[in-house]
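This report refers to the structure that appears directly beneath it.
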Amino acid sequence: MTELKTELKEKIIEILNLEDISISDIDDNDALFGDGLGLDSIDALELIVMLDKDFGIQLTDPKEGKEIFKSISVLAAYIDAHRSK
Amino acid sequence: MKQNVYIQSYCHIKNHSVSLNGNTVFYSDDTEFPSFIKSAAIHLETNYPKFYKMDNLSKLAFLAADILLKENNPYSDKTDNIAIVLSNKSSSLDTDRKHQISISDKENYYPSPSIFVYTLPNICMGEISIKHQLHSENTFLIFDKFNAKHLHINAEFLLKNNKADEVLCGWVDFDDKNYEAFLYLVSENGNIAHLPEEIEHLYHIK
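Protein chains in written order, with the numbering used here: chain A, 22 to 106; chain B, 1363 to 1568.
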């Protein structure tokens, strides 16, 4: 799980072009949206594409995303339970 | 109705250099646009994390606009009434191509939302408006080449019909590795007459 969390942080920094943020800056329980990393709605769409492309997870219910993208810990646990890649 | 309006200030970004009112404010030996524009944004204290998420055209327009608006309206209470009239030749072609690549392989079909949102040239005006809280008129025009006459007509109409207090005008073009921004602010302040020949002259300043 620790490896997956690190992988997710790397992907998020790269895919979302988070300048001047390193893996160590992101706590496993930091909020990804709002006051945490400050991601926006387009970032959320990029994360949904990432889940499909890299982990074979297709989100069909937008409400599901709100819960899944709460933090790196929550996201990693969801991927671990549902991944097909 | 505003009687006399002027070109208050102008900014060029081209040939890996940034100038304000004809004076170089940043120069880099780096000929690659991504690293050049990043260095320029840091040097000119843009301090805007979302800058790094923008496409090339928006970065170019945003930085030139930010320099002009910070220079001229640091404490203004009417900054939300600055209209924007921009133009170019290549529209959003640079980003359109990137989007096309992302959808060309049907077996690996993952279009990127953050690329797709920039597949219109006028998005760069939205980025400027968000940062500077502008709730104003905006227009993006496509021409074969820089067209001072049309920019002049549009700005005069907006100002003389009280549609805006100031107008941010210019040319911002990006295609392949070629880039050029020439933005200028038209207002009731300044010394340069707002005339097509003056706009043309300033555009050609090296």
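Think of the CB as a built atom: it goes at the ideal place given N, C-alpha and C, for glycine as much as any other residue.
Start and end residues, alpha helix (DSSP H) containing S1464(B): Against the second sequence, residue 1464(B) aligns to sequence position 102. Segment L1455 to I1465, the alpha helix (DSSP H) holding S1464(B).
Out of curiosity, what's the CA-to-CA distance linking S1449(B) and I36(A)? Here residue 1449(B) refers to the residue found at position 87 when the second sequence is read from its first residue. Here residue 36(A) refers to the residue found at position 15 when the first sequence is read from its first residue. Each residue's alpha carbon lies about 30 angstroms from the other.
Just list the beta strand (DSSP E) runs in the segment 1374 to 1446 of chain B, keeping only unbroken ones of 3 residues or longer that don't cross its boundaries, in chain order. 1379 to 1382 and 1385 to 1389
Would you mind listing the beta strand (DSSP E) stretches within the segment 1526 to 1567 of chain B that are 3+ residues and don't spill past its ends, in chain order? 1528 to 1537 and 1540 to 1549
CA nearest to the CA of Y1389(B), picked from F1544(B), N1383(B) and A1402(B): Here residue 1389(B) is taken as the residue at index 27 of the second sequence, counted from 1. Among F1544(B), N1383(B) and A1402(B), the Cα nearest to that of Y1389(B) belongs to A1402(B).
Does any C-beta atom of chain A lie closer than 8 angstroms to the C-beta of K1415(B)? Looking up residue 1415(B) in the second sequence gives position 53. It does: the Cβ of K1415(B) has a partner Cβ on chain A nearer than 8 angstroms.
Determine the extent of the alpha helix (DSSP H) in which T1481(B) is found, giving its start and end residues. By 1-based counting over the second sequence, the position of residue 1481(B) is 119. Run containing T1481(B): none; DSSP gives neither H nor E here.
Using the rule of at least 16 other Cβ atoms within 10 Å of the residue's Cβ for burial, across every protein chain shown, is E1559(B) buried or exposed? Residue numbering aside, residue 1559(B) sits at position 197 when the second sequence is read from its first letter. Exposed, since its Cβ has fewer than 16 Cβ neighbours within 10 Å.
What is the rounded straight-line gap between the Cα of A102(A) and the Cα of I1490(B)? Stepping through the first sequence from its first residue, residue 102(A) is reached at position 81. Stepping through the second sequence from its first residue, residue 1490(B) is reached at position 128. Approximately 42 angstroms, taken between the alpha carbons.
Is the Cβ of S1401(B) closer than 8 angstroms to any Cβ of chain A? As a position in the second sequence, residue 1401(B) is number 39, starting the count at 1. So no, S1401(B) is outside the interface.
Taking the beta carbon of F1413(B) as the centre, do at least 16 other beta carbons fall within 10 Å, making it buried, or is it exposed? If you number the second sequence from 1, residue 1413(B) lands on position 51. Classification for F1413(B): buried.
Going by DSSP in three states, S43(A) sits in which element: helix, strand or coil? Locating residue 43(A) in the first sequence gives position 22, counting from the first residue. Looking at S43(A) - three-state DSSP - the assignment turns out to be coil, as it is neither helix nor strand.
Out of I1477(B), K1522(B) and A1445(B), state which residue places its alpha-carbon closest to the alpha-carbon of V1460(B). For the purposes of this step, residue 1460(B) is taken as the residue at position 98 of the second sequence. According to the sequence provided, residue 1460(B) is Lys. The question's Val does not apply to it. Checked all of I1477(B), K1522(B) and A1445(B); the closest Cα to K1460(B) is I1477(B).
Where S1474(B) meets chain A, residues with beta-carbon distance less than 8 angstroms: Within the second sequence, residue 1474(B) is the residue found at index 112, counting from 1. Going along chain A in sequence order, the residues near S1474(B) (Cβ under 8 angstroms) are E67 and V70.
I want to verify the contact list: residues of chain B whose CB lies under 9 angstroms from the CB of N50(A), in sequence order. The count along the first sequence starts at 1 and reaches residue 50(A) at position 29. What N50(A) touches in chain B: nothing, since even the nearest Cβ is about 21 angstroms away.
Since F54(A) sits in a beta bridge, which residues does DSSP pair it with? In the first sequence, counting from the first residue as 1, residue 54(A) sits at position 33. Note: F54(A) sits in a beta bridge opposite L60(A).
Contact criterion: CB-CB distance below 8 angstroms. Does D24(A) meet it with respect to chain B? For the purposes of this step, residue 24(A) is taken as the residue at position 3 of the first sequence. One detail in the question is off: residue 24(A) reads as Glu in this sequence, not Asp. No, no contact with chain B.
Answer yes or no: does any C-beta atom of chain A fall closer than 8 angstroms to that of V1479(B)? Sequence index remark: in the second sequence, residue 1479(B) carries index 117 (1-based). Yes, because at least one Cβ of chain A sits closer than 8 angstroms to the Cβ of V1479(B).
Is the separation between the beta-carbon of P1354(B) and that of L1422(B) shorter than 8 angstroms? Here chain B comprises residues numbered 1363 to 1568, so residue 1354(B) is not present and cannot be evaluated.
Buried versus exposed, by CB contacts within 10 Å (16 or more), I100(A): For this step, residue 100(A) is matched to residue 79 along the first sequence. Buried: at least 16 other Cβ atoms inside 10 Å.
Residues that DSSP places opposite Y1368(B) in a beta bridge: Numbered from 1 along the second sequence, position 6 holds the residue referred to as residue 1368(B). Answer is S1549(B) and A1555(B), bridged to Y1368(B).
Select from the segment 1382 to 1412 of chain B all residues with a C-beta closer than 9 angstroms to any C-beta belonging to chain A, and list them in chain order. K1400, P1411 and K1412
Beta-carbon neighbours of K74(A), restricted to chain C and to distances below 9 angstroms: Among the protein chains in the structure shown, which are A and B, there is no chain C.
Quick one, are the C-beta atoms of L1406(B) and I1375(B) less than 8 angstroms apart? Here residue 1406(B) is taken as the residue at index 44 of the second sequence, counted from 1. Here residue 1375(B) is taken as the residue at index 13 of the second sequence, counted from 1. Their beta carbons are not under 8 angstroms apart, which means L1406(B) does not touch I1375(B) by this criterion.
Is it the case that the Cβ atoms of E1433(B) and S1379(B) are separated by a distance below 8 angstroms? Along the second sequence, read from residue 1 onward, the residue named residue 1433(B) stands at position 71. Along the second sequence, read from residue 1 onward, the residue named residue 1379(B) stands at position 17. Cβ distance not < 8 angstroms, so E1433(B) and S1379(B) don't count as in contact.
May I have the straight-line CA-CA distance separating L1394(B) from K1539(B), to the nearest angstrom? Mapped onto the second sequence, residue 1394(B) falls at position 32. Mapped onto the second sequence, residue 1539(B) falls at position 177. One detail in the question is off: residue 1394(B) reads as Glu in this sequence, not Leu. Cα to Cα, E1394(B) sits roughly 8 angstroms from K1539(B).
Under three-state DSSP, which class holds I78(A)? Taking the first residue of the first sequence as 1, we reach residue 78(A) at position 57. In this structure, I78(A) counts as coil in the three-state DSSP scheme.
8 angstroms Cβ cut-off: residues of chain B touching E28(A): Position 7 of the first sequence, counting from 1, holds the residue named residue 28(A). Correct list: empty, because the minimum Cβ distance to chain B is about 18 angstroms.
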